[in-house]
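The structure appears below as structure tokens.
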Amino acid sequence: MEKMNHDPYQVLGVSRDDDHAAIKSAYRRLALQYHPDRNPGDRDAEEKFKEITQAYEILSDPDKRRRYDMTGSADGMPDMSDFFGGFGMDDALRAFQEIFGFRRSENFSSVGEDIVIDVELELREIVAGSTREIKVRRLEHCSTCGGSGAHPDHGLTTCARCGGQGRIRTVRRTLLGTMQTVTVCPDCGGRGSIPEKPCPVCGGSRLEPRERRISVDLPAGISEGHYIRLRGQGNLPPDDGPAGDLLIRVARVDYGGFQRDGYDLVYRTRISFPEAALGTSITVPAVEDEAIGVDLPSGVQPGERLVMKRKGIRKLKGLGRGDIVVIADVYVPKKLSRKEKAILKELADSDSFKPV
Ligand SMILES: [Zn+2]
Ligand SMILES: [Zn+2]
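Just remember that my numbering sits 4 ahead of the position in the sequence shown, which is counted from 1.
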């Protein structure tokens, strides 16, 4: 079995201060999403289901949670697998069933789809962090019928198929005894009632696309490919399940004249050979507010790194920030006039021009 090395808080997307109710609801959402009944044959989903169930087993048990919190290793990321040996799919399913009282054969309500929105960021936003207003079009409850799917002038009738239960129980006799399975009623989708007349706006689908503006905090230090996950801010599913997530993906960052190296910003500039020998001053473009004037000392070497401490990108986790690193490339002239050649030849023989 693959060794796990995950933080259960991260696995469930909860914080260390979250209480049991928050942890249980985070687990429920993920478990419904990754449950094998909903992802037949999907090995990744199975692994994920096992992992989140293990994470929940740790965090829902006060004693295990305390032990986990205390055994933090140097990087604060102890190994979740310390708590489990040979935890298989059956264990995960059994745990899930105990937690929610569901049976394996029950169909679960679905989770709405996630929405991914790409953003492009500028250097300034990466360095200091920013708040963006994101426009998102998502499926919400229909505003005309309030999500019932029923025409406002007409009511709801009890579903004939399930008698208002929303679930259908089937009892089978087998060699091992009677087996009872419970499924969501296909006629009413588990709601137990059916509109007498469908809503004229959503046609009974209960959902309506709505445009929203959502404010998102983009922390300093994020980079291309990072996501900010806003739980429950995505689409609602057609039945009673919870909404999906809204994912804000950093698609591109414009670093201006810089190259990024971790949290450092590298600025390359070209200076002439006399400037390198005599010293010069250059201007580094603004990272936050103002451009910075930098004096390059006489004798600066090609490729030499001049470090401006803590002027770079603020770190994503924890304190501190990276540096600005200035690298001066020295331009060597490709064509020379006769006069220039004569001067350089004269200089070439002098002692201070000999490489050391
Ligand atoms: Zn029904
Ligand atoms: Zn409606």
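Ideal Cβ positions, reconstructed from N, Cα and C, are used throughout, including at glycine.
DSSP-derived helix/strand/coil call for residue i
i: I347; result: helix
i: D73; result: helix
i: I226; result: coil
i: T57; result: helix
i: H24; result: helix
i: R107; result: The predicted model places R107 with a pLDDT of 41, which falls under 50 and marks its position as unreliable, so this point remains unresolved.
i: P66; result: helix
i: I317; result: coil
i: K139; result: strand
i: S197; result: strand
i: A352; result: helix
i: F91; result: coil
i: S219; result: strand
i: E50; result: helix
i: G80; result: Residue placement at G80 is poorly supported in this model, since its pLDDT is 45, which falls under 50; the coordinates still yield a value, given next. In the structure shown, G80 sits in coil (DSSP, three-state: anything other than H, G, I, E or B).
i: Q101; result: helix
i: Q37; result: helix
Selected residue, minimal CA-CA separation from residue i, among the options
i: R264; options: K28, L127, R32; result: L127
i: A132; options: V18, A224, R32, G153; result: A224
i: D293; options: G316, K201, P301, A280; result: G316
i: C166; options: V188, T182, G159, T148; result: V188
i: Y231; options: G151, T284, D118; result: D118
i: P190; options: K139, S19, G153, D243; result: D243
i: K321; options: L222, S64, R256, E137; result: L222
i: R314; options: E308, V334, Y13, V270; result: V270
i: T426; options: R177, R173, L282, A164; result: Only positions 5 to 360 of the chain appear in this structure, which leaves residue 426 out of reach.
i: D67; options: A346, H24, K201; result: H24
i: K339; options: L348, R216, D333; result: L348
i: R217; options: L310, L97, K139, Y267; result: K139
i: L13; options: E51, S64, A255; result: Checking the sequence, you will find Tyr at residue 13 rather than Leu. Cα-wise, what sits closest to Y13 is S64.
i: Y31; options: K52, L240, T162; result: K52
i: L211; options: E144, D21, F91; result: E144
Exposure label - residue i; buried when at least 16 CB within 10 Å
i: S114; result: buried
i: T57; result: buried
i: Q101; result: exposed
i: Q237; result: buried
i: H39; result: buried
i: P337; result: exposed
i: S357; result: Note that residue 357 corresponds to Phe in the displayed sequence, not to Ser. With fewer than 16 other Cβ atoms within 10 Å, it is exposed.
i: A59; result: buried
i: F262; result: buried
i: G193; result: buried
i: R325; result: buried
i: Y335; result: exposed
i: A164; result: exposed
i: P246; result: buried
i: E350; result: exposed
i: G153; result: buried
i: V304; result: buried
Limits of the unbroken alpha helix (DSSP H) element including residue i
i: Y13; result: 12-16
i: A132; result: 127-132
Start and end residues, beta strand (DSSP E) containing residue i
i: R272; result: 268-276
i: A255; result: 250-258
i: L234; result: 231-234
i: L300; result: 296-300
i: Q263; result: 263-265
i: D333; result: 328-335
i: S147; result: Run containing S147: none; DSSP gives neither H nor E here.
i: S19; result: Counting along the chain, S19 falls outside any beta strand (DSSP E), and DSSP gives it neither H nor E.
i: L361; result: Limits of the chain in this structure are 5 at one end and 360 at the other, which puts residue 361 out of reach.
i: S285; result: 284-288
i: L160; result: 160-162
Quick one: residues with CB closer than 5 Å to any heavy atom of ligand 1, in chain order, please. Working through the chain, the matches are C163, R165, C166, C189, D191, C192.
Mind listing which residues have their beta carbon within less than 5 Å of any non-hydrogen atom of ligand 2? Chain order is fine. My final list is C146, T148, C149, C203, V205, C206.
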